[in-house]
Amino acid sequence: MKIENNRICIIGHSGQLGSEIQSILSNKTKNILLINSKNSKNYSFNILKSKISKFSPSIIINCSAFTDVNQAFEKVKICMHLNFSLVNRLIEISNLTKSILIHFSSDFVFDGKKRTYDENLSLIHISEPTRQAEIAYA
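So the sequence shown is residues 137 to 274, counted in the numbering used here.
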């Protein structure tokens, strides 16, 4: 797959990961839609779906996440939005637009005691509401 022939949507482009990916891809293609994850909470699902659908990306790259473990218990709503709700919406949108969805997960969910992990073991849940939402969705 040649990058220059694809339309790419980057969610969370202003963070560390997103800005690096944007920098790399902008040298290869000009067909990039940037959506700041901080502003994505202001978009209803229909507005987000409309923006992405109109652009018609072949690839959606989700670089957004709430990674401040200490603040996760205090900012449960934004944590749930970025780490659960937005991801589920992007899955729906990628299915609708037949886009490839690339999602990056945080390393904060593992306990850090091993060098390799079975993804079903040693999980630390940032907040109980996020854990409950994951269980309900699975």
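Cβ coordinates follow ideal geometry from the N, Cα and C atoms, glycine included.
Take every Cβ of the stretch 183-198, pair it with every Cβ of the stretch 141-158, and state whether three or more of those distances are shorter than 8 Å.
Counting Cβ pairs under 8 Å, three or more are found: they touch.
In whole angstroms, what is the alpha-carbon distance linking H217 and V223?
Stepping through the sequence shown from its first residue, residue 217 is reached at position 81. Stepping through the sequence shown from its first residue, residue 223 is reached at position 87. So the alpha carbons of these two residues sit roughly 8 Å apart.
Looking at the structure shown, is N198 part of a helix, part of a strand, or coil, going by DSSP?
Within the sequence shown, the letter at position 62 stands for residue 198. If DSSP states are grouped into helix, strand and coil, N198 belongs with the strands.
Taking the Cβ atom as the reference point for each residue, do N148 and C199 lie within a distance shorter than 7 Å?
Taking the sequence shown and counting its residues from 1, the one referred to as residue 148 is at position 12. Taking the sequence shown and counting its residues from 1, the one referred to as residue 199 is at position 63. Checking the sequence, you will find Gly at residue 148 rather than Asn. Yes, they are a contact pair.
Taking a contact to mean a Cβ-Cβ separation below 7 Å, would you say K185 touches I238 in this structure?
If you number the sequence shown from 1, residue 185 lands on position 49. If you number the sequence shown from 1, residue 238 lands on position 102. Contact: no.
So, N172 versus S150, is the Cβ gap smaller than 7 Å?
In the sequence shown, residue 172 corresponds to position 36, counting from 1. In the sequence shown, residue 150 corresponds to position 14, counting from 1. Cβ distance < 7 Å, so N172 and S150 count as in contact.
For I157 and I146, what's the separation of their Cα atoms in angstroms?
In the sequence shown, residue 157 corresponds to position 21, counting from 1. In the sequence shown, residue 146 corresponds to position 10, counting from 1. If I take the Cα positions, the gap works out to 8 Å.
Taking DSSP as the reference, what is the three-state secondary structure of H149?
If you number the sequence shown from 1, residue 149 lands on position 13. Coil.
Taking buried to mean at least 16 other C-beta atoms within 10 Å of its own C-beta, is I160 buried or exposed?
Stepping through the sequence shown from its first residue, residue 160 is reached at position 24. Counting Cβ neighbours within 10 Å, I160 comes out exposed, since fewer than 16 surround it.
Can the beta-carbon of A201 be found less than 7 Å from the beta-carbon of N219?
As a first step, residue 201 is located in the sequence shown; it is residue number 65 there, counting from the start. As a first step, residue 219 is located in the sequence shown; it is residue number 83 there, counting from the start. Contact: yes.
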